[in-house]
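Engineer: Attaching a single structure in structure tokens format; questions to follow.
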Ligand SMILES: C[S@@+](CC[C@H](N)C(=O)[O-])C[C@H]1O[C@@H](n2cnc3c(N)ncnc32)[C@H](O)[C@@H]1O
């Protein structure tokens, strides 16, 4: 296992706290095959913060060259480790099922998929697909039954939302208060 590029300083204490916070719900992490757009990665980091994924691993150099974190307005990159690696399969977190999200013939439609307790979700790049070598080595291959292929960050958001919706999720006004902006005092 080799880290090739840790693109930003992660506060280790904060990262550990986040890890522990979500450990009881199973650990979720994201693998990105050579992502092209930093904006997409930033949106995925924000989704990780919203839904409780612990880390983002990515391959390739393109993301490192294009660091503009416009969409990472919650500055999740300082909390969620965002780590460049040369092999996503080698970095797969211990105990996590490897789940490829891709338009692959024979894949399981997401609405029917039962998410593993701990999962490593792997997504392809904006301009290609998850390589066959990764698909062959994964535990599950899942697709979203859309009419066209989705934007990468949108796909990650949908998958994490689907996981949350099928889980024993917490719902409360307290959660709404904690999630929303300071200038939002809306109530029914
Ligand atoms: C813009 S897509 C790339 C093109 C896509 N590989 C294709 O064959 O059309 C970027 C990534 O988002 C994910 N993705 C997009 N739409 C998807 C869908 N409907 N089901 C599963 N994955 C999807 C895949 O991981 C894909 O590699």
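Numbering (the UniProt record's numbering), first residue to last: 1 to 188. Quick reminder that beta carbons are idealized off the backbone N, C-alpha and C, glycines included.
Quick one: what does DSSP say residue 63 is sitting in, helix, strand or coil?
Structural biologist: The answer is helix: DSSP assigns residue 63 an H, G or I state.
Engineer: Among 39, 32 and 63, which one has its Cα closest to the Cα of residue 56?
Structural biologist: Nearest option by C-alpha distance: 32.
Engineer: Could you give the first and the last residue of the continuous beta strand (DSSP E) run that contains residue 36?
Structural biologist: No beta strand (DSSP E) holds residue 36; DSSP gives it neither H nor E.
Engineer: Does residue 177 pass the burial test, meaning 16 or more other C-beta atoms within 10 Å, or should it be called exposed?
Structural biologist: Its Cβ having fewer than 16 others within 10 Å, residue 177 is exposed.
Engineer: Could you give the first and the last residue of the continuous beta strand (DSSP E) run that contains residue 143?
Structural biologist: Its beta strand (DSSP E) spans residues 140-143.
Engineer: By alpha-carbon positions, which one of 51, 85, 101 and 45 ends up nearest to residue 136?
Structural biologist: Of the listed residues, the one whose Cα sits closest to residue 136 is 101.
Engineer: Please identify the residue among 79, 121, 42 and 180 whose C-alpha is closest to the C-alpha of residue 98.
Structural biologist: Nearest C-alpha to residue 98: 121.
Engineer: Can residue 110 and residue 162 be called in contact, C-beta distance under 7 Å?
Structural biologist: In this structure, residue 162 lies closer than 7 Å to residue 110 by Cβ.
Engineer: Here's a check: name, in chain order, each residue in its chain whose Cβ is nearer than 6 Å to the Cβ of residue 108, leaving out the five neighbours to either side.
Structural biologist: If we look at residue 108 and ignore the five residues flanking it on each side, its Cβ neighbours are 142.
Engineer: What do you get for residue 188, buried or exposed, if any count of 16 or more other CB atoms within 10 angstroms of its CB means buried?
Structural biologist: Per the 10 Å Cβ criterion, exposed.
Engineer: Can you tell which of 82, 103 and 92 has its C-alpha closest to the C-alpha of residue 138?
Structural biologist: Per the Cα distances, 92.
Engineer: Taking C-beta to C-beta, are residue 90 and residue 160 nearer than 7 Å?
Structural biologist: No, they are not a contact pair.
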